[in-house]
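Visitor: Sharing a structure here in structure tokens format.
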Amino acid sequence: DAGVTQSPTHLIKTRGQQVTLRCSPISGHKSVSWYQQVLGQGPQFIFQYYEKEERGRGNFPDRFSARQFPNYSSELNVNALLLGDSALYLCASSLVQGPQPQHFGDGTRLSIL
Amino acid sequence: GDSVTQMEGPVTLSEEAFLTINCTYTATGYPSLFWYVQYPGEGLQLLLKATKADDKGSNKGFEATYRKETTSFHLEKGSVQVSDSAVYFCALSRNKLVFGAGTILRVKS
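Chains as they are written, first to last, in this note's numbering: chain A, 263 to 375; chain B, 3 to 111.
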């Protein structure tokens, strides 16, 4: 069975641009979460979606937004990119919401020049 | 708010040595606790979990016990291998995952 898949693998943008990252959860998983991992640190929670509704939001500015589609895939959008947005963006899926084990994709490496 | 504190690394061990990575947490209620491992260039893989006090999670020779009285979830392995070299993250969850900063483990042959 396919795991969590993320695209693209790598992305280079310049300050002020906008970016969209994509995630396909494990088949049957209805909850998708997004995390930002800055080099040398642990992942930080950005969003959680369950059944196409936002169920949690971390301490990130409004430049960050996300959505979940009827097939449970998800997109993370970041507007007006800053140098500090350079990070590995991880998507994780789980069967349902709650304190479940989450299964991670390999991430999208975003570099801002 | 909820938080996780891990011992700082890097931890450097010889093959077959005993491993302990300390993890303590602060949280209201009774979160589930996890250890994740991250190999270079990859995402996080779930290593083991525990959902209530005194539960012991185990996988691939790694173990950790949920200690409510000391709010700890220390990771142990009796004999490490070179292939265990990676970054290890302790995490808690009541809904979202809250991670520690990670501990780099290097195992020398």
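Glycine included, each C-beta is placed from N, C-alpha and C at the ideal position. No experiment lies behind these values; they were computed from the predicted model shown.
Can you look up SER111 of chain B in the DSSP assignment and give me helix, strand or coil?
Guide: Note: SER111 of chain B maps to coil in three-state DSSP.
Visitor: Since GLY59 of chain B and LYS51 of chain B are thought to touch, with beta carbons under 8 Å apart, how far apart are those beta carbons, to the nearest angstrom?
Guide: Indeed, because the Cβ distance is near 5 Å, the residues count as touching under 8 Å.
Visitor: Using a beta-carbon distance cut-off of less than 8 Å, what residues from the region 341-366 of chain A approach chain B?
Guide: So the list reads LEU352, ALA354, GLN359, GLY360, PRO361, GLN362, PRO363, GLN364, HIS365 and PHE366, given in the order they occur along the chain.
Visitor: Please report whether the beta-carbon of PRO305 of chain A lies at a distance below 8 Å from any beta-carbon of chain B.
Guide: So, interface residue.
Visitor: Give, in chain order, every residue of the region 42-59 of chain B whose Cβ lies closer than 9 Å to some Cβ of chain A.
Guide: Within the region 42-59 of chain B, the residues whose Cβ lies closer than 9 Å to some Cβ of chain A are GLY43, GLU44, GLY45, LEU46, GLN47, LEU48, LYS51 and THR53, listed in chain order.
Visitor: At least one CB of chain B closer than 8 Å to the CB of GLN330 of chain A: is that the case?
Guide: No, GLN330 of chain A lies away from the interface with chain B (no Cβ there is under 8 Å from its Cβ).
Visitor: If you compare alpha carbons, which of B:ILE106, B:SER111, B:GLU78 and B:SER74 is closest to ASN61 of chain B?
Guide: Ranking the options by Cα distance to ASN61 of chain B, first place goes to B:GLU78.
Visitor: To which residues of the same chain is THR67 of chain B closer than 6 Å at the C-beta, ignoring the five residues directly before and after it?
Guide: Same-chain partners within the cutoff: LYS58.
Visitor: In chain order, which continuous runs of the beta strand (DSSP E) of length 3 or greater are located wholly inside the region 310-356 of chain A?
Guide: If we require 3 residues or more, the beta strand (DSSP E) runs fully inside the region 310-356 of chain A come out as 315-319, 326-330, 336-340 and 349-356.
Visitor: Restricting to Cα atoms, I'd like to know which of B:ASP56, B:VAL6 and B:LEU99 is closest to ASN24 of chain B.
Guide: Ranking B:ASP56, B:VAL6 and B:LEU99 by Cα distance to ASN24 of chain B puts B:VAL6 first.
Visitor: Whose Cβ in chain A lies nearer than 7 Å to the Cβ of SER34 of chain B?
Guide: Those within 7 Å of SER34 of chain B in chain A are PRO361.
Visitor: Where does the unbroken beta strand (DSSP E) through ARG371 of chain A begin, and where does it stop?
Guide: It spans 370-374 - the beta strand (DSSP E) in which ARG371 of chain A sits, taken as one unbroken run.
Visitor: Counting only C-beta atoms, is GLN419 of chain A closer than 8 Å to chain B at any point?
Guide: Shown here, chain A extends from 263 to 375; a query on residue 419 of chain A therefore has no answer.
Visitor: My understanding is that GLN40 of chain B touches LEU46 of chain B, with C-beta atoms under 8 Å, so please give their C-beta distance in whole angstroms.
Guide: Right, their Cβ atoms sit about 5 Å apart.
Visitor: First and last residue of the beta strand (DSSP E) that includes ASN61 of chain B?
Guide: Taken as a continuous stretch (DSSP letters only), the beta strand (DSSP E) holding ASN61 of chain B covers 58-61.
Visitor: Note the first and the last residue of the continuous beta strand (DSSP E) segment covering ALA88 of chain B.
Guide: Start and end: 88-95.
Visitor: Is it buried or exposed for THR14 of chain B, if we count other Cβ within 10 angstroms and need 16 for buried?
Guide: Counting Cβ neighbours within 10 Å, THR14 of chain B comes out exposed, since fewer than 16 surround it.
Visitor: What residue range is occupied by the uninterrupted beta strand (DSSP E) comprising GLU18 of chain B?
Guide: Premise fails: GLU18 of chain B is in no beta strand (DSSP E) and is neither H nor E.
Visitor: In terms of residues, what are the limits of the beta strand (DSSP E) holding LEU77 of chain B?
Guide: Taken as a continuous stretch (DSSP letters only), the beta strand (DSSP E) holding LEU77 of chain B covers 77-79.
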